[in-house]
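So the structure is just underneath, and the comments pick up after that.
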Amino acid sequence: MVKNLVVFDFDWSFVDQDTDRWVFEVLSTELRRTLQDRKSAGSQCMPDVVDQTMEDLFQAGFKKEQVLDALRILPVHPAMKRAVTSLKAKGETTFLCLSNSNQVYIATILEKHGLSNLFDQVITNPSHWDGDRLHIGRRLPADGPQHTCTIGCLPNMCKGDELDAWLAAHGGKDSFTKILYVGDGGNDFCPLLRMRQGDVACVRKNMELQARIEKEGEKVGCKVDVELWDQAWIIDEIFSKL
Ligand SMILES: [Mg+2]
Numbered sequence: 000m001v002k003n004l005v006v007f008d009f010d011w012s013f014v015d016q017d018t019d020r021w022v023f024e025v026l027s028t029e030l031r032r033t034l035q036d037r038k039s040a041g042s043q044c045m046p047d048v049v050d051q052t053m054e055d056l057f058q059a060g061f062k063k064e065q066v067l068d069a070l071r072i073l074p075v076h077p078a079m080k081r082a083v084t085s086l087k088a089k090g091e092t093t094f095l096c097l098s099n100s101n102q103v104y105i106a107t108i109l110e111k112h113g114l115s116n117l118f119d120q121v122i123t124n125p126s127h128w129d130g131d132r133l134h135i136g137r138r139l140p141a142d143g144p145q146h147t148c149t150i151g152c153l154p155n156m157c158k159g160d161e162l163d164a165w166l167a168a169h170g171g172k173d174s175f176t177k178i179l180y181v182g183d184g185g186n187d188f189c190p191l192l193r194m195r196q197g198d199v200a201c202v203r204k205n206m207e208l209q210a211r212i213e214k215e216g217e218k219v220g221c222k223v224d225v226e227l228w229d230q231a232w233i234i235d236e237i238f239s240k241l
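Going by numbering that gives the first Met the number 0, the sequence shown opens with residue 0, and the numbers climb by one from there.
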């Protein structure tokens, strides 16, 4: 029996935005600038920085419903929805989400689009509401054991370790005919190194992941087939051939 696994990064992969930036872009240019000034170089940003800016948003008087409404208008391309719902309907594919966003953001967006049951599991940073204040933590808490990845993952999460752990808990790599990974960011490089020859990386064009594969892929023994995509309908096309 064919059994595929599709692993989705969330920001700029499943959705056409960066969730962390989006909420501030919708609600406050001043706080969007604050987030920009606080985050370190590169496209990824530690959840600590987002949490700190969430505190500022709360202090500025913004309410929970405004944050949730901002998430509800975040763009999810109709072709991406079609791609995942058609593939899921075939019944041969398990979906997993590996994201550096957070639980509340992802759950709110999935719910708005009727996709709450799409993913078998969403592995991301924890978050919870305390009144109107959204607290965002690290997937790996700062005071607990840290990952030992040397590929360049952020301290709060190694997506390669997360993929390995999920696979180990779900029958191992070889219980899946094919693994597909849809990603765009520098932190999506590590999980590709845990995948096999014949597995597929759907890499968003002209983003950090493509550059890392081209620069480091061969050197570190990246074995996956690479399919470049720029728009959601290409993902629908790739999925329809599975
Ligand atoms: Mg991304």
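Just so you know, even glycine gets a beta-carbon here, dropped at the ideal spot from N, CA and C.
It should be emphasised that the depicted structure is a prediction, and the values quoted were computed from it without experimental measurement.
Item, Value
"Please classify Asp229: is it buried, with 16 or more other beta-carbons within 10 angstroms of its beta-carbon, or exposed?", "exposed"
"Is the stretch 57-71 touching the stretch 203-215 in the sense that three or more CB pairs, one from each, lie closer than 8 Å?", "no"
"Let's see if you can read the secondary structure: which residues bound the alpha helix (DSSP H) around Trp165?", "Lys158 to Ala168"
"Please confirm whether Ile108 and Leu73 have their CB atoms less than 8 Å apart.", "yes"
"Going by the DSSP bridge assignment, what does Ser126 pair with across the sheet?", "Ile135"
"Comparing the CB of Gly184 with every heavy atom of ligand 1, is any distance shorter than 7 Å?", "yes"
"Which of the three DSSP states, helix, strand or coil, is assigned to Phe188?", "helix"
"Can you tell me where the alpha helix (DSSP H) with Trp232 in it begins and where it stops?", "Ala231 to Ser239"
"Met206 and Trp11 look like a contact to me (Cβ under 8 Å); what is the Cβ gap, rounded to whole Å?", "7 Å"
"Which class does Arg203 belong to by DSSP, given the choice of helix, strand or coil?", "strand"
"Please list the terminal residues of the continuous beta strand (DSSP E) segment that includes Ile178.", "Lys177 to Gly182"
"Taking the alpha-carbon of Val5 as reference, which of Ile135, Arg137, Gly184 and Gln120 has the nearest alpha-carbon?", "Gln120"
"May I have the straight-line CA-CA distance separating Gln145 from Asp160, to the nearest angstrom?", "11 Å"
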